[in-house]
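Last residue of the sequence shown? That's 290 in the UniProt record's numbering, and every number before it is there in order. Backbone N, C-alpha and C fix where the C-beta goes; we use that ideal spot for every residue, glycine too.
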Amino acid sequence: MKIMVTGATGKLGSKVMDFLLAKLPAEQLAASVRNPAKADKLSKQGVEVRQGDFDQPEELVNTFQNIDKLLIISTTDDNETRIRQHKNAVQAAKKAEVSFIAYTSIADADNSSLDLAPVHRSTEQAIKESGIPYAFLRNNWYLRNEIGSIESAMNAEPWITSAEDGKVGWALQKDYAEAAAVVLAGEGHENKIYELSGQPRTQAELVADLEEVLDKEIEVKQVSDTEYEEILTESGMSKSLAAMFAGIQQSIRKGALDVKSNDFEKLLGHPVTPFKDALQKLVSEIKSNN
């Protein structure tokens with residue numbers, strides 16, 4: 001059996017590889033990366049490193065040759081580009097006769113109002129149409145997505161949001177990576193959909209826990225979507241990116257990430273990292289980088 005992880009040197013992919021290396025012999029693992037020079041660590045651990053570019057579909061067929069299980073980690077780009085890249089990867093997997101695909105999707109992909117959701121709906125559909133057995137890992141939201149706001153709070157700035165009482169199932173990227181490794185290394189996950197969500201919390205509930213971790217009071221400043229977007233652009237963010245982040249806040253407010261599921265714990269065989277511990281981990285990371 002040969003398992004491949006795409007984007008294996010990225011933030012999520014590298015963590016998936018760490019968990020797989022703890023479970024399986026390195027010779028059963030392969031990594032697909034744009035730049036093999038950046039995968040030197042994996043090579044030294046005995047992992048087969050292959051060059052793979054989702055914008056080069058014919059080359060991808062070679063990348064995926066003799067792979068039994070493939071984890072497609074969603075790319076980062078505009079929606080149109082991502083849809084094309086993901087379809088290229090699925091078609092290449094089909095031509096290479098890959099026997100199982102796991103894909104990092106988004107929470108409640110069928111119904112999500114998030115701007116990112118069309119990418120994941122399209123990719124899930126492409127995988128289904130390929131006929132390849134699959135597992136959709138519908139990852140709710142990485143806690144590290146809030147690292148900018150956490151850092152601002154550490155600097156005595158308010159927590160700014162327009163999400164009101166909308167809830168998010170935050171969890172550490174490490175927990176999502178472990179769940180992916182469990183699916184790849186295990187059996188019986190064919191044609192399964194896993195809603196991987198931490199305990200849903202509001203922004204205010206997150207801040208209350210962060211106050212305990214930091215031992216300081218943090219103001220929660222609820223603003224309109226327009227104000228939120230303006231604050232981001234005034235901080236130097238591009239208008240398009242600010243609009244995207246404001247759209248995420250709006251979708252959270254409407255319940256897009258308020259997903260209750262025990263799939264996470266069932267896959268892991270244990271609870272996700274306790275929330276305050278997860279916050280402490282990110283706070284420590286911020287401090288170590290400053």
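{"Item": "Pull up the distance between the alpha-carbon of residue 139 and that of residue 156, whole angstroms please.", "Value": "31 Å"}
{"Item": "List the endpoints of the continuous alpha helix (DSSP H) containing residue 264.", "Value": "263-268"}
{"Item": "Can you tell me whether DSSP reads residue 242 as helix, strand or coil?", "Value": "helix"}
{"Item": "When you compare each of 241, 183, 252, 280 to residue 265 by their alpha carbons, which one comes out closest?", "Value": "183"}
{"Item": "Could you spell out where the beta strand (DSSP E) holding residue 137 opens and where it closes?", "Value": "134-139"}
{"Item": "Is residue 58 helix, strand or coil by DSSP?", "Value": "helix"}
{"Item": "Spatial neighbours of residue 9 within its chain, please: C-beta separation below 6 Å, excluding the five flanking residues on both sides.", "Value": "33, 38, 39"}
{"Item": "Name the residue from 78, 56, 91 whose alpha carbon lies nearest to the alpha carbon of residue 70.", "Value": "91"}
{"Item": "Which residue or residues does DSSP assign as beta-bridge partners of residue 32?", "Value": "6, 50"}
{"Item": "If I measure Cβ to Cβ from residue 269 and keep anything under 7 Å in the same chain, skipping five residues before and after, which residues do I get?", "Value": "none"}
{"Item": "To the nearest whole angstrom, what separates the beta carbons of residue 65 and residue 162, a pair I think is in contact under 8 Å?", "Value": "Wrong, their Cβ atoms sit about 48 Å apart, outside the cutoff."}
{"Item": "Taking 6 Å as the limit between beta carbons, can you name the residues of its chain near residue 250, skipping five residues before and five after?", "Value": "225"}
{"Item": "Checking 7 Å against the spacing of the C-beta atoms, do residue 22 and residue 48 come in under that value?", "Value": "no"}
{"Item": "Just to check my reading of the structure: residue 196 and residue 179 have Cβ atoms closer than 8 Å, yes? What is that Cβ distance to the nearest angstrom?", "Value": "6 Å"}
{"Item": "Helix, strand or coil for residue 114, going by three-state DSSP, please let me know.", "Value": "coil"}
{"Item": "If you count every other CB in all the chains shown that lies within 10 Å of the CB of residue 212, and 16 or more means buried, which is it?", "Value": "exposed"}
{"Item": "Beta-carbon within less than 6 Å of residue 247's beta-carbon, same chain only, minus the 5 sequence neighbours each way: which residues are those?", "Value": "115"}
{"Item": "Can you list, in chain order, the residues of its chain with a C-beta nearer than 6 Å to that of residue 74? Leave out the 5 residues immediately preceding and following it.", "Value": "104"}
{"Item": "Taking one C-beta from the stretch 77-90 and one from the stretch 121-136 each time, how about it: are there three or more such pairs within less than 8 Å?", "Value": "yes"}
{"Item": "Quick check on this structure: which residue in 193, 2, 261 has the alpha carbon closest to the alpha carbon of residue 96?", "Value": "2"}
{"Item": "State the start and end residues of the unbroken alpha helix (DSSP H) segment that holds residue 232.", "Value": "225-234"}
{"Item": "Report the partner residues of residue 222 according to the DSSP bridge assignment.", "Value": "161"}
{"Item": "What are the boundary residues of the beta strand (DSSP E) that residue 192 is part of?", "Value": "192-196"}
{"Item": "Considering only the alpha carbon of each residue, which of 107, 154, 20 lies closest to residue 263?", "Value": "107"}
{"Item": "Anyone know if the C-beta pair for residue 79 and residue 119 falls short of 7 Å?", "Value": "yes"}
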